[in-house]
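Worksheet for the structure shown next.
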Amino acid sequence: MNGSRFSIDVLTPVERRPRRLRLRWVRSASGLASVFAELVRRALDVVLAAAALLLLSPALVLRAALAWRETGRILERKVRIGRFREPFRRLSFAGTAPGRSLPMFLNVLRGDLSLAGPRPLTEAEAAAIPPDGFERFGVRPGLVSAHTLRARTGISYEGEVATDRDHYYGQTLRGDLGLVARFVPVRLLGGRSGTPAPPVLDFFGVSIVNGTMDEAVDWILERARERPAKPALLAFVNPDCLNVAWGDADYRRALQEASRVLPDGIGIHLGCRVLGTALRANVNGTDLFPRLCERLAGTNDSIYLLGARPGVAAEAASAMQKRFPGLAVAGTRDGYFAPDEEEAVIEAIHASGASVLLVAFGAPKQELWLAANRERLRVPVAVGVGGLFDFYSGRVARAPHWLRELGLEWSWRLLQEPRRMWRRYLIGNWVFLYRVWKQSRVPQTSGAAS
Ligand code: UDP
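The numbering used here applies: residue 3 is where the sequence shown begins, and numbers increase by one.
This is the structure:
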């Protein structure tokens, strides 16, 4: 990606062995290609930034006037560290009104910033990165980074450094343009950053822990270690679950009595916006599963997968064992057993010695089953996980990453199963937001049907 790699390739003496020679040739060619890509990237940055400034010129004039009226200044300049650790002055509008960052397009024209790239660091942040540390300073920082986009839809689970490193080590111009194109609607719909994120959210009397993915995995592993007398129960809820809980007292009670409930999907994020709060992360079961398996692989704790069609849980288990060698799977079982087999199912789970039980019957069936059998189940922690074995067995394709970055995974599921899902998404989501809006007007009451 950077120029130094190109010059090293050209100056290095040519190897004698033909295979190495060919390899070197390819690397030189890719060096040339990357110089060309760099020029195209710069040209596109300039053209798009100029177009944005032109298109937004009325808004810029208005915002400049607001800044002047509020503070007596138009622009603020803050020192940031750019490519090759060169400091530059990052421009923003003074004052608190929205649109503070619009002047950064001028930084793009000046070459301080690219449209896409890792966030420009403060001097202190840059000083904390060792000189031979990773190649953050080999690329131009950007207005939009993979982390800033994903953080807005709550899916930057690995944190800023890892997310951005993964993105720009494999950075392509097309990838970056996609990033910028996705950021525009997400930024417009995603609300302002800096909104308070309370530790617990309340939707219709169901308390949802507003934490991160890492905290959720830690919590499961801690319960597995503690081995409580009764299983700790974990549930995930999306707007559809909360709509069901609104009218189904048993399910609502199961959620209220669960040890922990976590937020699943962009609908909860939108619900938070209606309440004027922020969701810290979209902590859904599908993204949690591989992270949990990875962490379990380094422990003596094993996992039991119960649910889905015959064979699916076993396929998901072996896919995870391939990905995370050392993961102990205590057992698997499909979710289509007769009531008179239930005793044997529970006994098999107990005999397996599993520390973590994942139950995939879909909501609310799995939560009701876990609540009804809590006294009989002798596992430290049990989690209701919905349809995720179908994804990890490879039988059902999950939405591509770019759709998830846009917060549109639901549209993928809608296209896959329109007959089953249209009511849930096209009507249910609006009903949910209406109910949340009503709740926001009467903050003292739970808002749930009694
Ligand atoms: N399922 C099951 N037993 C049942 C009904 C459903 O094991 O009696 C499984 C089904 O095969 C699927 C999952 O439960 O794997 C439900 O998936 P869905 O996508 O409906 O769940 P959601 O994630 O929407 O809660």
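A virtual CB, placed ideally from N, CA and C, is assigned to each residue, including glycine. All values derive from a computational prediction rather than experimental measurement.
Exercise for the section: Give the DSSP bridge partners of V239, in chain order. Expected result: For V239, the beta-bridge partners assigned by DSSP are P265.
Exercise for the section: Note down, one range per segment and in chain order, each alpha helix (DSSP H) of at least 4 residues found wholly within the region 169-214. Expected result: 175-191
Exercise for the section: Identify every run of the beta strand (DSSP E) within the region 109-175, keeping only runs that are complete inside it and at least 3 residues long; order them along the chain. Expected result: DSSP runs (the beta strand (DSSP E)) wholly in the region 109-175: 116-118 and 144-146.
Exercise for the section: Evaluate G386 with the Cβ neighbour count: other Cβ atoms within 10 Å of its Cβ, from every protein chain shown; 16 or more gives buried, anything less gives exposed. Expected result: buried
Problem - Burial state of Q418, where buried means 16 or more other Cβ atoms lie within 10 Å - result: exposed
Practice task
Buried or exposed for A164, please, with buried defined as at least 16 other CB atoms from any protein chain shown within 10 angstroms of its CB.
Solution key: exposed
Exercise for the section: Note down the Cα distance separating L370 from S261, rounded to an integer number of angstroms. Expected result: 14 Å
Exercise for the section: Determine the direct distance from the alpha carbon of L117 to that of R26, and round the result to whole angstroms. Expected result: Only weak support exists for where R26 lies, its pLDDT of 43 falling under 50; the coordinates are left without a value.
Handout entry: Backbone secondary structure at K80 - three-state DSSP
Key = strand
Practice task
Please confirm whether D336 and A315 have their CB atoms less than 8 Å apart.
Solution key: For the pair D336 and A315, the CB atoms are nearer than the 8 Å cut-off.
Exercise for the section: Please go through the region 298-383 and give each complete beta strand (DSSP E) segment of 3 or more residues, from N-terminal end onward. Expected result: 304-309, 330-335 and 358-362
Handout entry: Element boundaries [alpha helix (DSSP H), containing P60]
Key = S59 to T73
Practice task
Consider the C-beta atom of Y338 and the heavy atoms of ligand 1; say whether any pair is separated by less than 7 Å.
Solution key: Yes; taking the cut-off as 7 Å, the Cβ of Y338 has a heavy atom of ligand 1 nearer than that.
Practice task
Inspect the beta-carbon positions of A226 and V358 and report whether they are closer than 8 Å.
Solution key: yes
Practice task
Run the proximity test for D168: is its beta-carbon closer than 7 Å to any non-hydrogen atom belonging to ligand 1?
Solution key: no
Practice task
Would you kindly work out how many angstroms separate the C-alpha atoms of A237 and H149, rounded to a whole number?
Solution key: Going from the Cα of A237 to the Cα of H149 covers about 27 Å.
Problem - C-alpha gap between V438 and E296, whole angstroms - result: Straight through space, the alpha carbons of E296 and V438 are spaced by roughly 36 Å.
Handout entry: Segment limits, alpha helix (DSSP H) that includes L405
Key = H403 to E407
Practice task
Reducing DSSP to helix, strand and coil, say where A386 ends up.
Solution key: The sequence shown places Gly at residue 386, rather than the Ala named in the question. Correct three-state label for G386: strand.
Problem - Cβ neighbours of Y306 in the same chain (closer than 6 Å, five flanking residues each side left out) - result: A332, G333, I351, S354, A356 and L359
Problem - Simplified DSSP state of R437, which is helix, strand or coil - result: helix
Exercise for the section: Reducing DSSP to helix, strand and coil, say where L50 ends up. Expected result: helix
Handout entry: Coil, strand or helix - P292 by DSSP
Key = helix
Handout entry: Rounded separation between R138 and D166 - CA only
Key = The C-alpha of D166 is placed about 9 Å away from the C-alpha of R138.
Handout entry: Beta-carbon proximity list for A66, same chain, < 6 Å, skipping 5 on both sides
Key = I76
Problem - Cβ-Cβ separation, L181 to V146 (assumed contact under 8 Å), whole Å - result: 6 Å
Handout entry: Spatial neighbours of D178 in its chain, beta-carbon cut-off 6 Å, leaving aside the 5 residues before and after
Key = Taken in chain order, the residues that qualify are A118.
Exercise for the section: Mind checking which residues open and close the alpha helix (DSSP H) that includes P420? Expected result: P420 to W424
Problem - Element boundaries [beta strand (DSSP E), containing R92] - result: P89 to F95
Exercise for the section: Please confirm whether N302 and F434 have their CB atoms less than 8 Å apart. Expected result: no
Problem - Near ligand 1: R335 beta-carbon under 7 Å from a heavy atom - result: no
Practice task
Using only alpha-carbon positions, find the residue among D114, P292 and L390 that is nearest to F86.
Solution key: D114
Practice task
Report yes if the C-beta distance between A365 and G388 is below 8 Å; otherwise report no.
Solution key: yes
Exercise for the section: Would you identify the three-state DSSP class for A234, choosing helix, strand or coil? Expected result: Residue state, collapsed to three classes: strand.
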